[in-house]
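Chemist:
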Amino acid sequence: MTMISVNEFKNGLTIEYNNDLWRIVEFQHVKPGKGSAFVRSKLKSLRTGATQEYTFRSTAKVETADIQTREMQYLYNDGASYVFMDTNTYEQLEVPNAQITDEAKYLKENMVVNVISHNGETLGIDLPNTVDLEVVDTEPGIRGDTSSGGGKPATMETGLVVNVPFFINVGDVLTINTSDGSYVSRAK
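Residue numbers (full-length UniProt numbering): 1 to 188.
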């Protein structure tokens, strides 16, 4: 494990702090007119998924976490856990449903994801930045109703509900941003 200064924080960096593993979601260096500088950060726990804000003195040091990622293919959900397979060794890994809550809305069978682990403990998965999902339910588009700039809800094949433009119909395949669940475009 290596120690780094909080001045070296980057979004996505994983650190060990307060006996937990945290991924840096965002951070801000603050230099007030009076007093010493500090770093305000928003951290997400890799074990619980909870987000917390911490403030560090600019002289503080934290330990970086040794995180391993393995590219694996999502096979299926057996009701209690998600089953992934290493495409090189064909070894299967079961991840409990509780560890994959938000990400489950974007998972499709045969999708390749990165499984994150630390010292043999599986922590969760990293999704690609975008996924292509099919619309299974939405109101029909109304001709000529594209200038209002509004949107309508659409239910995707995984159960995710996304606000989409009026011209989207059932059966369209859309590209969805996995970080915030927003519509990007029609899939090519």
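Ideal Cβ placement from N, Cα and C applies to all residues, glycine included.
Everything numeric in this text was worked out from a predicted model, so none of it was measured.
Assuming T14 contacts A50 (C-beta within less than 8 Å), just tell me the rounded distance between them.
Modeler: Taking the first residue of the sequence shown as 1, we reach residue 14 at position 14. Taking the first residue of the sequence shown as 1, we reach residue 50 at position 50. That pair is no contact at about 15 Å.
Chemist: What's the C-alpha gap between residue 189 and E103?
Modeler: The first residue shown for the chain is 1 and the last is 188, placing residue 189 beyond what the model contains.
Chemist: Rounded to the nearest angstrom, what separates T155 and M111 at their Cα positions?
Modeler: Taking the first residue of the sequence shown as position 1, residue 155 is located at position 155. Taking the first residue of the sequence shown as position 1, residue 111 is located at position 111. Taking the straight line from one Cα to the other gives about 19 Å.
Chemist: Can you tell me which of the three DSSP states K42 falls into?
Modeler: As a working note, residue 42 is residue 42 in the sequence shown. Three-state result, K42: strand.
Chemist: Specify, as a first and last residue, the run of the beta strand (DSSP E) that T175 falls within.
Modeler: Taking the first residue of the sequence shown as 1, we reach residue 175 at position 175. Residues 173-177.
Chemist: Span of the beta strand (DSSP E) holding S185?
Modeler: The residue labelled residue 185 in the question sits at position 185 within the sequence shown. S185 -> beta strand (DSSP E) spans 183-186.
Chemist: Note down the Cα distance separating K188 from R70, rounded to an integer number of angstroms.
Modeler: Within the sequence shown, residue 188 is the residue found at index 188, counting from 1. Within the sequence shown, residue 70 is the residue found at index 70, counting from 1. One C-alpha to the other measures close to 28 Å.
Chemist: Would you call the segment 41-61 and the segment 83-94 touching, i.e. three or more CB-CB distances under 8 Å?
Modeler: Touching, no, given that fewer than three Cβ pairs across the two stretches are closer than 8 Å.
Chemist: Can you tell me where the beta strand (DSSP E) with N7 in it begins and where it stops?
Modeler: Here residue 7 is taken as the residue at index 7 of the sequence shown, counted from 1. No beta strand (DSSP E) holds N7; DSSP gives it neither H nor E.
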